[in-house]
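S.K.: So the sequence shown is numbered by the numbering used here: it starts at 17 and just counts up by one. All residues carry an ideal CB built from backbone N, CA and C; glycine is no exception. All values reported here derive from a predicted model rather than from experimental measurement.
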Amino acid sequence: MNPTVDKNEIKIVLAMHGSPPIDFPGDEMAFFYGIHLQVEHDPYCIDAETKKRADDIEHKMKNWPRTAENDPYYTSGIEIGKNIEKVTGVKTFVGFNEFCNPTIQDALLDALKLNPKKIYVTTTMVTPGGGHQEKDIPEAIDEIAQKYPDVEITYVWPYEIADVAKFIGNHIMKNIT
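(1) Shortest alpha-carbon distance to T83 belongs to which of D152, I38 and V137?
(2) Counting along the chain, where does the alpha helix (DSSP H) carrying G50 start and finish?
(3) Do you know whose CA, among K102, F40 and G105, lies nearest H75's CA?
(4) Can you name the residues that DSSP bridges to M32?
(5) Who are the near neighbours of I96 in its chain, counting only those whose CB is closer than 7 Å to its CB and skipping five residues on each side?
(6) Return yes when the Cβ of L124 is within less than 8 Å of the Cβ of I135, no when it is not.
(7) Can you tell me the Cβ-Cβ gap for I157 and Y171, rounded? I've got them flagged as a contact below 8 Å.
(8) From the DSSP output, in three-state form, read off K76 for me.
(9) Can you tell me where the alpha helix (DSSP H) with V180 in it begins and where it stops?
(10) Using three-state DSSP, classify E150 as helix, strand or coil.
(11) Output the residue ranges of the beta strand (DSSP E) runs that lie fully inside the segment 96-141 and measure 3 residues or longer, sorted by chain position.
(12) Relative to the C-alpha of P174, which candidate in L53, V142 and Y164 has its C-alpha closest?
(13) For I157, which three-state DSSP category applies?
(14) According to the neighbour-count rule (16 or more other Cβ atoms, all chains shown, within 10 Å of its Cβ), is K27 buried or exposed?
(15) Which of the three DSSP states, helix, strand or coil, is assigned to I26?
(16) Check this for me: beta carbons of F109 and S35, under 8 Å apart or not?
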């Protein structure tokens, strides 16, 4: 990090994927996934009543209480965010692309409440080629950035493939017995 940067003037948002909690009602999850897949291919394929039911289920899912037992992905994401904050000394917020709250947009808005000059957004999704990293996260950033033009919001992705390989290689080497 540039030593002349005032850490109080910057914030970090970690954009996570998100997953449904394992104790969410199975019938509602099956309905939601079925509609979710249909709408991905044709956003106009469902009627208003079906859309409302899917939206209600999504709202319920996003607000479902999360624990390490019912959603280890969520709690791991929160823990990664806390560790990024420890490593960088920069206040870090965690947001989720889908299935969980807070959303990426919510995390950005929470960061903006602290009046930063810059917000850096990154993700744990480290490889190129994914729709979330390449489309959904930039769209979430743009949605908020347009409303706050005085704050520089930078998406620090993609990662260098060599850095990802080094991280994975080091992990393997630590575990070779």
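M.R.: Reading it off the structure:
(1) I38
(2) G42 to H57
(3) F40
(4) F112
(5) L30 and T140
(6) yes
(7) 6 Å
(8) helix
(9) I177 to N191
(10) helix
(11) 108-112 and 134-139
(12) V142
(13) helix
(14) buried
(15) strand
(16) no
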